[in-house]
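Contents: one structure, followed by commentary.
Residue numbers (our numbering): 1170 to 1270.
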């Protein structure tokens, strides 16, 4: 099977402790078994933000979600699953503008 048609999703948040999630996030693309395989992060509003930034209510986790999404771009993540589409779109536009210069 062509690796470029299979999406690698490390399952951030699924049955993992905060330390495991942070290790996965820090590893970036090194968790992908084939460099041709796109990498997906689904980190929007995850429960780990309760421990990281003290936000128990999922609706209060936007800042954490945006921060991790910005790091994902920096690490070369190909697909980022989000809940707050407009806010993330603004983030991606701002980063694209910075990278264009």
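The beta-carbon is built from N, C-alpha and C at its ideal position, and this holds for glycine as well.
Smallest Cα separation from residue i: which of the options?
| i | options | result |
| --- | --- | --- |
| residue 1243 | 1254, 1268, 1206, 1192 | 1268 |
| residue 1217 | 1202, 1196, 1259, 1188 | 1188 |
| residue 1205 | 1254, 1172, 1265, 1249 | 1172 |
| residue 1212 | 1266, 1170, 1264, 1190 | 1190 |
| residue 1181 | 1241, 1170, 1266 | 1241 |
| residue 1170 | 1203, 1183, 1263 | 1203 |
Using a Cβ-Cβ cut-off of 7 Å (strictly less than) and excluding sequence neighbours within five positions of residue i, which residues of its own chain qualify?
| i | result |
| --- | --- |
| residue 1222 | 1232, 1233 |
| residue 1214 | 1227, 1230, 1234, 1252 |
For residue i, I'd like the list of residues in its chain whose CB is within less than 8 Å of its CB, leaving aside the five on either flank, ordered along the chain.
| i | result |
| --- | --- |
| residue 1260 | 1235, 1238, 1239 |
| residue 1162 | Past the edges of the chain, shown from 1170 to 1270, lies residue 1162, and the structure says nothing about it. |
| residue 1200 | 1177, 1179, 1193, 1208 |
Strictly by DSSP, which residues pair up with residue i?
| i | result |
| --- | --- |
| residue 1177 | 1208 |
For residue i, which residues of its own chain have a beta-carbon under 6 Å away from its beta-carbon, when the five flanking residues on both sides are left out?
| i | result |
| --- | --- |
| residue 1225 | 1219 |
| residue 1209 | 1176, 1178, 1248 |
Using a Cβ-Cβ distance cut-off of 7 Å, determine whether residue i contacts chain D.
| i | result |
| --- | --- |
| residue 1265 | Of the protein chains in this structure there is only one, and it is not chain D. |
Please give the ranges of any alpha helix (DSSP H) in the segment 1182-1263, keeping only runs that are unbroken, at least 4 residues long and fully inside the region.
Here the runs fully enclosed are 1187-1196, 1217-1222, 1231-1243.
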